[in-house]
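Trainee: When the letters of the sequence shown are read in order and numbered with full-length UniProt numbering, they come out as residues 1 to 265.
Using N, Cα and C, we set each Cβ at its ideal position, and we do this for glycine too.
As the structure is a computational prediction, the values presented were derived from the model and not from experiment.
Below is a structure I'd like to ask you about.
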Amino acid sequence: MDTLVKTCALLEEQMDPRVKEFFLMDSPLHIIGIVAGYLIFSTWLGPALMQNRKPYNLDRLLQAYDLLQVLLCAIFVVSTSLLVINGNMTLVCSMLGSETDYWTLAVLKHHWYYFLFKFFDMFDTVFFVLRKKNNHISFLHMYHHAGMFVLSWAFMAFAPGAQTALTGLVNSFVHMWMYGYYFVASSGPKYSKYLKYKIHITQLQMIQFVIIFVQAVIPFTRDCNFSKPAALLIMTQALTFLYLFGKFYVRTYMTKGTLNRNKTT
Numbered sequence: 001m002d003t004l005v006k007t008c009a010l011l012e013e014q015m016d017p018r019v020k021e022f023f024l025m026d027s028p029l030h031i032i033g034i035v036a037g038y039l040i041f042s043t044w045l046g047p048a049l050m051q052n053r054k055p056y057n058l059d060r061l062l063q064a065y066d067l068l069q070v071l072l073c074a075i076f077v078v079s080t081s082l083l084v085i086n087g088n089m090t091l092v093c094s095m096l097g098s099e100t101d102y103w104t105l106a107v108l109k110h111h112w113y114y115f116l117f118k119f120f121d122m123f124d125t126v127f128f129v130l131r132k133k134n135n136h137i138s139f140l141h142m143y144h145h146a147g148m149f150v151l152s153w154a155f156m157a158f159a160p161g162a163q164t165a166l167t168g169l170v171n172s173f174v175h176m177w178m179y180g181y182y183f184v185a186s187s188g189p190k191y192s193k194y195l196k197y198k199i200h201i202t203q204l205q206m207i208q209f210v211i212i213f214v215q216a217v218i219p220f221t222r223d224c225n226f227s228k229p230a231a232l233l234i235m236t237q238a239l240t241f242l243y244l245f246g247k248f249y250v251r252t253y254m255t256k257g258t259l260n261r262n263k264t265t
């Protein structure tokens, strides 16, 4: 525990001081605690509590949740796009300086909003547990949710800017369509004809990782204002997610030859 506290203290010294005023951003200890709680609840505590209980019927709640996700993602995509355009920012080789002007603080706020969205996304797993859909809680599912939550915190803390904002912009665009699909899929049998589009949602998810990877390569090809270690981390994670989603795609759509109508990520 002492080593953990010391490591967190060292990380706090390297953080952008402007982000520490935002909720949950002042220390990595918060993130470690939340992720640990998420993993414990998802893999052990939640299933144990539900073992002798009937699955909850959360249909109405899930519809409201999916619709809210669509609205939040749409608002975030539009507001972030306007921020980049009106602030005359570039999505390549761009990292915030030490300024505290309106545009700089606006970028930080959008980083924080995206970070909160990734926390909100983890309720996907909570709903699976409460509905006793434990077979949907795969390694890909948990790695995706926990990983994106940690990365969204890390990039705001250590490498905020338009370069890393692209990840939030692209990912939110994909999630807008993904949760829209989930909302339609849960709206009743008369909408079942739209379920065939699940394959395109997965394709869209993989395309986003290609875009993010290509953007992260650029700082290595020119002299620009962006952290190369941060770019390397983005590249590594983009390839990891692309590999995991690729395996899911082959197993679900090519091996079986059928559409999987369940949520998986």
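Could you name each continuous beta strand (DSSP E) segment of 3 residues or more that falls completely within the region 153-189, going from the start of the chain to the end?
Mentor: DSSP runs (the beta strand (DSSP E)) wholly in the region 153-189: none.
Trainee: Count the other CB atoms within 10 Å of the CB of Leu-61; is the residue buried (16 or more) or exposed (fewer)?
Mentor: Exposed, by the Cβ-count rule.
Trainee: Looking at Tyr-143: is its Cβ nearer than 8 Å to the Cβ of Leu-244?
Mentor: Closer than 8 Å, so yes.
Trainee: Looking only at its chain, what residues have a beta carbon closer than 7 Å to the beta carbon of His-30, apart from the 5 residues adjacent to it on each side?
Mentor: For His-30, where only same-chain residues beyond five positions count, the Cβ hits under 7 Å are Leu-24.
Trainee: The alpha helix (DSSP H) that contains Asn-86, what's its start and end?
Mentor: Unbroken alpha helix (DSSP H) run through Asn-86: 59-86.
Trainee: When you compare only the Cα positions, how much space is there between Cys-224 and Ile-207?
Mentor: Answer to the nearest angstrom: the Cα atoms are 25 Å apart.
Trainee: Do you know whose CA, among His-145, Trp-44 and Asp-16, lies nearest Leu-108's CA?
Mentor: Selected option, being the one with the closest Cα: Asp-16.
Trainee: Pick out whichever of Tyr-65, Thr-90 and Gln-237 has its Cα sitting closest to the Cα of Ser-152.
Mentor: Cα-wise, what sits closest to Ser-152 is Gln-237.
Trainee: Within the same chain, show all residues whose beta-carbon is closer than 8 Å to that of Asp-66, passing over the 5 residues directly before and after it, in chain order.
Mentor: Hits under 8 Å: Tyr-179, Gly-180, Tyr-182, Phe-183 and Ser-186.
Trainee: DSSP on Thr-265, reduced to helix/strand/coil?
Mentor: Since pLDDT at Thr-265 reaches only 49, below the 50 mark, its modelled position is unreliable, and the value read off the structure follows with that caveat. In this structure, Thr-265 counts as coil in the three-state DSSP scheme.
Trainee: Taking the Cβ atom as the reference point for each residue, do residue 294 and Thr-80 lie within a distance shorter than 8 Å?
Mentor: For the chain, the structure presents residues 1 to 265; residue 294 sits outside this window and is missing.
Trainee: What is the DSSP secondary structure of residue 303, counted as helix, strand or coil?
Mentor: Since the first residue shown for the chain is 1 and the last is 265, residue 303 is missing from the structure and cannot be characterised.
Trainee: Is it the case that the CB of Pro-55 approaches a heavy atom of the ligand PLP more closely than 7 Å?
Mentor: The ligand PLP is not part of the structure shown, which contains no ligands of any sort.
Trainee: According to DSSP, is Glu-99 helix, strand or coil?
Mentor: It is coil, neither helix nor strand.
Trainee: For Met-95 versus Gly-161, is the C-beta distance shorter than 8 Å?
Mentor: A contact, by the Cβ cut-off of 8 Å.
Trainee: Who are the near neighbours of Met-50 in its chain, counting only those whose CB is closer than 8 Å to its CB and skipping five residues on each side?
Mentor: Result list for Met-50: Val-129, Leu-130 and Lys-132, in chain order.
Trainee: Looking only at its own chain, which residues have a Cβ that is under 7 Å from the Cβ of Asn-171, when we skip the five neighbours before and after it?
Mentor: Once the five neighbours on either side are set aside, the close Cβ partners of Asn-171 are Gln-208.
Trainee: Note the first and the last residue of the continuous alpha helix (DSSP H) segment covering Ile-234.
Mentor: It spans 228-249 - the alpha helix (DSSP H) in which Ile-234 sits, taken as one unbroken run.
Trainee: Would you tell me roughly how many angstroms separate the C-alpha atoms of Ala-157 and Leu-195, rounded to the nearest one?
Mentor: Ala-157 and Leu-195: Cα-Cα distance of roughly 39 Å.
Trainee: For Leu-68, count neighbouring C-beta atoms within 10 Å of its own C-beta (all shown protein chains included) and say buried if the count is 16 or more, exposed if not.
Mentor: Classification of Leu-68: exposed, given that the 10 Å Cβ count is below 16.
Trainee: I need the boundaries of the alpha helix (DSSP H) containing Asp-127, first residue and last residue.
Mentor: The residue you asked about is not Asp; residue 127 is Phe in the sequence shown. Per DSSP, Phe-127 belongs to the alpha helix (DSSP H) from 123-130.
Trainee: Around the Cβ of Val-77, are there at least 16 other Cβ atoms within 10 angstroms (buried) or fewer (exposed)?
Mentor: Looking at its Cβ environment, which holds 16 or more other Cβ atoms inside 10 Å, Val-77 is buried.
Trainee: Could you check what DSSP says for Ile-8 in three-state terms: helix, strand or coil?
Mentor: The amino acid at residue 8 is misidentified as Ile; the sequence shows Cys. Residue state, collapsed to three classes: helix.
Trainee: Do Val-93 and Ile-218 have their C-beta atoms closer together than 8 Å?
Mentor: Contrary to the premise, residue 93 reads as Cys rather than Val in this sequence. Yes, the Cβ-Cβ distance between Cys-93 and Ile-218 is below 8 Å.
Trainee: Could you check what DSSP says for Phe-119 in three-state terms: helix, strand or coil?
Mentor: Helix.
Trainee: Where do the ends of the alpha helix (DSSP H) carrying Leu-24 lie?
Mentor: First-last for Leu-24: undefined, no H or E at that position.
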